Every structure is written in C-alpha cells, then in structure tokens.
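Here is the structure we will look at.
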Amino acid sequence: MATISLRKRFSRKVLIPFILGALVLCSAVWVMDYYTQRGHSLASLHQRTQTLSMSFSAYLDRANFEVKYLSEQVNDGETIDGLFQLHDVLFFGGLDFFYVVLENGQVMEDPRVRLYTQDTPDSLIQGAQINAWRHVSSSDRGEMLVFKKSLGSNSVGQSQGFFYGFISLNNNLALASDLITSADADFIRIKDLVGNVLLVEKQRSFSDDIPYITHDSILSIPELEDNLTVELRFARPLTESFSGVVMIGCAVVLICFLLMYWLIQFYAQRVMFVPITGLPALGREGAMDFLEFQPLLAQMNRFQVQLKVREQHLELLSNSLQSAILFCDESSRVTNMNKEAKGLFPSYQFASTVFDMTPIACHQPIQRALKGEYGGGFELEFPESDRVYDFNTYSFINEHGFRSVMLVGRDVSEIRRLRWHLTHRFPQHTLDRPHPPSQLILQELASCKDHLETSPQSTVRWLNVIGDLLTKISHLDSAASKKMPLGELVVQVQDELDLSLVPSSKQQDFSVELSLSDAQLVAEWTQDHRSMLMVAFLLCINSSISGRYIHIGWEKNSLVIKLFGLEEMTPALQWLSHEYPKLVKGRVDASDASRFVMMATLMPEAQHDRSLNVIGKHAVLVKNDYTESNRLLELLKSIGMRVEVYSSFAEFFGAGTPYRTKYDVMFVGVGDIELAKSGVDKLLTSSRSQALPVIHVGNHRSDELPGETMLAHQLMPFRLASMVVALGAASKISLGDWATHATNFIITGGTHISQVIWQSELNASGFVARREVDIINLMSVLRHHSPVVVVVLDKATAQLAMKYHLEHLGNTKWIVLEDFLDRPDTMRFIDVEGRLPNDGALEALLQNLNVKGE
C-alpha cells in the first residue's frame, strides 16, 4: 500500500483556494481597469468625433474658397478653358467638378462630371441652396454635396447667373483620408439620417475578424444643411484591452498570495507537522497533550492489549503442544523458545546461535531451511534425559523481511521403542511402508488383457517385473544399499530390465539424457532408489509415443527424474510412481500433461573414483545404415572424443586415413547385420587377432555378432565412456600395422570408374584394397606403411612413379597393367589385355603374384 504524506496533501489542498483567490482578484482588477478604460474611451471618442467634424468643415471651407475664386473668374469673363488653366486651385481645392449657368442661358459644364454620374447637372441642382451645402443623390446612386453661389449683378442690378460646386462622397479619396486620419480610426462610415451610406473608408490592416470598438454619432456641420450620422470603428485586440496598471495590479496580487501561501506553510509546519513527526519520540504524557491524537492513542493502546493477549495465547499454545519449538532469525540466532525447548537446551543463554546448541550432523538441514528449502528435518538424541526428538524445519519471513527458520521437535522416544519391539516381534514386516491394495494386480492384469492375447510371453514378463516391484515396496531390504555412481546405477537398472523384458513387444525406442558429470557423482543408493528408477524406465517402455525421453540429473541436492511423452499409465505404474518418491523423501509433479517428474532428496557424496576421462581418444564410427548414427556421433563428441565417420566398411577399408591412424575404439552400427558381421570379420582376419576394441550399436541384439550390442535406449555418455575405458587394454585398430602383401592392395592411375571396379572386386574377394588418386600422396603414404601391392592401371602414372618406386621397394610390389619403354624390372608387367577384373583379369593378377584368393 502506498504511503501518503500529510504535508504534501495539506500543500495541495491549500494551494487550490489560493489559486482560485488569485484568479478572482486578478479578474476584479481587470474588470475595474476595463470600465475605467471604457470611461476614458467614451470621452476620447466624443473628442475624436468633434475632430472629425472640424476636419469635414475644413474640407468644405477649402471647397467654398474654390467656389468663390472660380465664380470671380467667371464674373471676369473667364471661359471654361481658362478655368482649367488654374491647376493649383483645381488640384488643391475641395471641389470634384462644377457647373455654371449664366443669365443669358449659356452653360459652362465641367467635363469631370461624367466621372461621378451620368445624370445631367440640371437634375442635380434642383434642390441646391444658395451659400449652403446640400446633399443630393443621382439616379445611378451617386452621393454628392452641392453648393450654389450667385455670380453677382450687372450694372442694371440683374443677376448674372449661378455657380454650382459639387463634392462626390462615394469616390472622394481625399475627403475620406482626411476624415479617417483626423478621427484616428480604423474604419469610418457616413450615412444620412435615412440610412443611406454616403462614404465608407477603412485602413488596410483593419478586419472584421479582429475585435473592435464602435462609436456612432450625429455629424452636425454649420456649412452643411443636412445632418449626417458617422460610425467609427477602432481595432482593439485582446492584448490592448489591458493597460499597464492591470499588469502591475495582477503582479502585486500574485506576489501577495505567494507570500501568504508561504506563511501558511511555514506556520503549519511549526504548529502541526513538527509535532506529528515527533509523535513517536514523545512519551505517553507528552502525546496526551494533543487532543486530536487521543482517539489514535486509544486505538494504539487497544492494539497493544490485543497483541499482548495474542502473545500470551501463542505462548500458552506452544507450551501445550508437547513439542520443543525454537525460533531463529536470519543469522541463526535463537529469538524465542518454549518451555520444553528450554528444558532440552539448558545452556541456550550462553549460545550465540542454534548451531552452538546442536551437533554438526544437524546443521545442514537448518542451513537448507535458511536458504528456503522445505521438507528438511533431523533426529536429535538427548542421552541425559533418555529421549529422542524428531525436529522438522520450517522457513518463514520475519518482520524485517529476512528469511528465518522455526524448529519444531516432537518426542518420538516412545514411538521408536514401540517400533523396535514390533520389528523384533514381527521382523518380516515394517509398519511404516506402503502396502499395495489387493485389487491392484487384478487391475493391472485387466489393463494388459488385450496385449495378453497377442503376446502372452511378453505380458507375463511384464507382470513379473510389476509384481517384483509391488513386493519390494512393502519389504525394505537394507542389505541392498550400496555406494556407486549414478551412471552405474542407471546402467544396472537398464541391463536388468532388458534381461527381464526381452523378448518383449514393448518398444524401447526412447532416449536417456544423463550428463557425464552428473553420472559420475557417487551416492548411497537404497532399494527404494533403484526401484523408483526402474519405475521411471517402465513408464517410458509402456508408452509408444515417438520421441519420448527420460532426463536424469541433480538439482539442489535432489535426484530429479523427468519423463516426457508418456501415455496413460497402467494402474500399478500409477500407484508405484506416486508411492516410491515418498519413501525417499521426495515428491511427484504431474502438473503438465506431457511432463512427469519424480524427485528424491539425496546428497551426492563425491566424484567417481575410477576415472572416465576419454577426452582426446580417437574413435571411428562405421554407420552401416544405423538410424541413430547422428545421435551417437553427438554423444561421442560431447565426452571429448575425436571421431571419424564412414558410411560402410567398404569406405573404411578403401580410405587412406585408416592406414595412417591408430584408433582406440571402433563403433559399428548394426543397421544391416550381414554388412556389420562381414566387416568385423574382415577386420579380425586382417589383424590376426581375436579381440579388438569394437562396440556394436543397434536397435536389436543378434546372436550372430560377437559380444554385446548397445541398444538405442542405452546410448548415454556414462555407458559410452565406461565401455571405452574398459577396452583401453585392447590393441588399437590400425590397418597400416596389420596389412600384408596378401591382403593389402593400393590402386592408382586409370579412370575413376576403373579404380572403383578394381577396388570392389578385390574387396569382394576378401582383400583389403584402397585407392590413391595422386601419385605424390602415394609416395608419402608408403613411407609409413607395411608391405603392400601397388597396382598401376595406366602407363602415364607408371612413368611418373618411376623416380619414386625405388625408394620403397622394401615394403611394396609394383604391378603395371600397361607396358612402356624404360620400364624397370622392379615394376612387373602383367598383361590383362585391357580386361576388367570381372572378365578374368583379377584371376590373372593373383596367379602372377602367386597369391591364393579366397
């Protein structure tokens, strides 16, 4: 369960209100600033509207000046072309165009009028007022201001006409620029009182998507007869809605809140958390000063009372069990004992550890229990009190998280006395061994019913072995105990089963996995160990699943037998496989359907005295179509032997390596019995010996083969190493040491096919023949070879060998089948007339050599 810090919890809980308060105060500061800024903005907007009105009025004043000046020029008799010569006035004035109507009916029309409207000026001047600007609209939606001025009177007092000046509102960029600049606005829109838009202008950077402020006002200008409305828009992004005062105010609020938060944390630490932290160090009186802690202290007192009561109950229970109980910590120090244990170990006060109170023979089970192993125990005699206690060890984890041990000793003195009397009264029985149920053998017989009809002899042998095991489990033979290596015990059990069950229809095509290092460990084996191992082999024999195997080894001072690929067990095997491990302080694990494990508690004592070191020994393997050749090869390599592999004896006798190598042992695969027997016989004939280090390996035994045949299920490193060591005194195998003129031929030259034909015919006739392709290699072989006959099949090879053959005349006879010039007498020519051996050439060769073939 995760721990919770009250200090952190308090900090988090207090921090949230402070954050909310700071946000509320900052919001209040912003609202106050907003309304303050709004008040200032209203006054500023009213002032900007007045500035806009003044700018509009100034623009109209410029237009009035232009009207006055131009009308004076017209009074002076200036024509329209003369008026357009006044560039400065027309360019910097406010009029967009003008129209003059004279008294005599003559009209002066400004050609610029067509830039703003298609209506005639007469239609636009109907509502014009003298000396005042008036708003007029054209039929094509042109919005304009018109100003009417009289041209004055002539000498007789008659009016000379009127001058009309026009200002366009739609396309008047100069006016719009003056107005938007004077108002310092981002958007300006002028409308009449009816709502018709007269002028619209905005800055390039202005967009309706940006927040803005709008101000509407009535535009009243003295020179303008009509009142207009003006709409001003000012872009106001969010960042500009805060003034510098808001930032300063928010910063002050945050600093004040942080200071208050720190002060609360500081005083809470001093007032609350320091006393809470020091509470375990306070006495009961000091702790009672805190009213809030009284319920907690009351509950603690209640727990202490309950704990004390439970300790009394535990002590009463341990003292009433009539057992000696000791508790030890991870360092084997005795932490608690009951009264009976104190009576057995009176010197416990002076002992540092439990090992000081017990004999050395009892230390190992205690040490195993401290390592976490279960099921250990020992018996301890107390001669001074004439009692015997059977102690069991129990491992547990103490309050500090370390592994500790509890020893529970039961007085078995009376039980041992009764057992001794019963054993002597009924010596043929023991009371603590299992007895098979009476119906078990009947159930086993019923399960073998189908097989009994097809193979009665095999079934009878099977029932004999099962019956012997059922008899042994209820009668312990102490004389059967013997020290030996594990591998030797496995070999004995295998040989015993092979002798008892063969011939049998039960297929023994399983494999045994037992490493050489585990097999050489010596232990004290009882009849129960031997029987449990025999049950394991019977379980494999009973199954017919391909690829099943048995694995035997040591794990944490226990013998472990693992079986894989088993079928449904027979009733007797199922009962025996669960009962025998109990007799050797072991257990059975059958949690996985395809895996069955039997264990026996046993401590190996030492390595095997007899050395089984076969590392570096030279072996040769002749397969002869044996199906387990690859497995045998892997096992031989695993024990450190050097192995040469040949598919048959023909390949072995025909190769060059066997004539230059000495082999410590030969393994002959018995795939084909006739090939294996003929090859071994030829080897014995060549060696002129009756005993060679030859080991047969096959799936079945045969009376035709000399010695024993190692079967497939017997292939394991210990048996192989033992057999190799046992054959160490026999003479080594080397074809080079045994071959003579009568039995050894070397064939060289010619074609590959001709060499093979000569070799096969010589081998079939009982001779040892091999091939050498390279003449240089042949010369090097002859230096370390016994006498041989060299048969040269062609003339070219014989000429190449002329300069070498004289060096080896002492141990060779040279025969050439093709004659040539300069042939020395030491190279005998035998004319076979180009015939192959099967056409009589072999007979001619043997007659000339004076060799008698078989």
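Under the working numbering, the letters of the sequence shown match residues 197 to 1050, in that order. Note that the Cβ used here is the ideal one computed from N, Cα and C, for glycine as well. The model shown is predicted, which means the values in this text are computed figures rather than measured ones.
Check	Outcome
Beta-carbon gap between Trp1066 and Leu755 smaller than 7 Å	For residue 1066 there is no data in the structure shown, the boundaries of the chain being 197 and 1050.
Sheet register partners of Glu1039 (DSSP bridge)	Answer by DSSP bridge pairing: none, since Glu1039 is not bridged.
Straight-line gap, Glu419 to Gln269 (C-alpha atoms, nearest Å)	23 Å
Per-residue DSSP class, three states only, for Gln624	A caution first: Gln624 carries a pLDDT of 46, below 50, which makes its placement in the model unreliable, though a value can still be read off. Three-state result, Gln624: coil.
Straight-line gap, Ser739 to Leu762 (C-alpha atoms, nearest Å)	6 Å
CA nearest to the CA of Ser336, picked from Leu320, Ser349 and Leu347	Just to set this straight, residue 336 is Asp in the shown sequence, not Ser. Nearest C-alpha to Asp336: Leu320.
Coarse secondary structure for Leu1017, derived from DSSP in three states	coil
Cut-off 7 Å between Cβ atoms - residues of its own chain near Met728, not counting five sequence neighbours on either side	Tyr776, Pro777, Val780, Met794 and Ala796
Nearest to Ser253 (by Cα), restricted to the options Asp229, Thr313 and Ser378	Ser378
Range covered by the alpha helix (DSSP H) that runs through Leu428	Taken as a continuous stretch (DSSP letters only), Leu428 belongs to no alpha helix (DSSP H), being part of the beta strand (DSSP E) at Leu424 to Ala431.
Three-way DSSP call (helix, strand, coil) for His814 in this model	strand
Opening and closing residue of the beta strand (DSSP E) in which Lys150 lies	Look at the range of the chain in this structure, 197 to 1050, and you will see that residue 150 is not part of it.
Expected contact under 8 Å - CB spacing of Glu598 and Glu526 to nearest Å	Per the sequence presented here, residue 598 reads as Phe, with Glu not at that position. About 4 Å separates the two Cβ atoms, so the contact holds.
Chain B contact for Ser364 (CB, 7 Å cutoff)	This model lacks chain B altogether, as it is built from one protein chain only.
Contained beta strand (DSSP E) runs [length at least 3] in the segment 888-954, N- to C-terminal order	890-893 and 940-944
Cβ-based burial, Cys452 [other Cβ within 10 Å; buried from 16]	exposed
Chain-order list of residues whose beta-carbon lies under 7 Å from that of Pro767 (same chain, five-residue window excluded)	Leu636, Gln639, Glu640 and Ser643
Alpha helix (DSSP H) segments (min. 4 residues) lying fully within the segment 701-737	712-715
With 16 other Cβ atoms within 10 Å as the buried cut-off, status of Pro889	buried
Per-residue burial, Arg564 [other beta carbons within 10 Å of its own, 16 or more giving buried]	buried
DSSP three-state assignment for Lys264, whether helix, strand or coil	helix
Contact the segment 728-737 vs the segment 846-858: 3+ CB pairs below 8 Å	no
Three CB pairs or more closer than 8 Å across the segment 560-579 and the segment 508-516	no
Where Gln325 falls: helix, strand or coil (DSSP)	strand
Cβ pair count under 8 Å reaching 3, the segment 410-429 against the segment 202-213	no
N-terminal and C-terminal residue of the alpha helix (DSSP H) that Met496 is part of	Gln490 to Ser516
Environment of Leu455 [buried if 16+ CB atoms lie within 10 Å]	exposed
Three-way DSSP call (helix, strand, coil) for Met443 in this model	helix
Proximity of Ser413 and Asn423 at Cβ, strictly below 7 Å	no
Contact check, Cys446 vs Val263, beta carbons under 7 Å	no
Exposure label - Glu751; buried when at least 16 CB within 10 Å	exposed
Beta-carbon contacts of Ala141 that lie in its chain and below 6 Å, excluding the five residues immediately before and after	Residue numbering for the chain in the displayed model covers 197 to 1050; residue 141 lies beyond these limits and cannot be assessed.
Under 7 Å between C-beta atoms of Ile929 and Tyr859	yes
Helix, strand or coil at Cys524 according to DSSP, with G and I counted as helix	strand
Candidates Leu1045, His892 and Ile869: closest to Met1086 by CA position	Residue numbering for the chain in the displayed model covers 197 to 1050; residue 1086 lies beyond these limits and cannot be assessed.
beta-carbon Ile451 near the ligand FMN non-hydrogen atom, thresh 6 Å	Here there are no bound small molecules, and the ligand FMN is not part of this structure.
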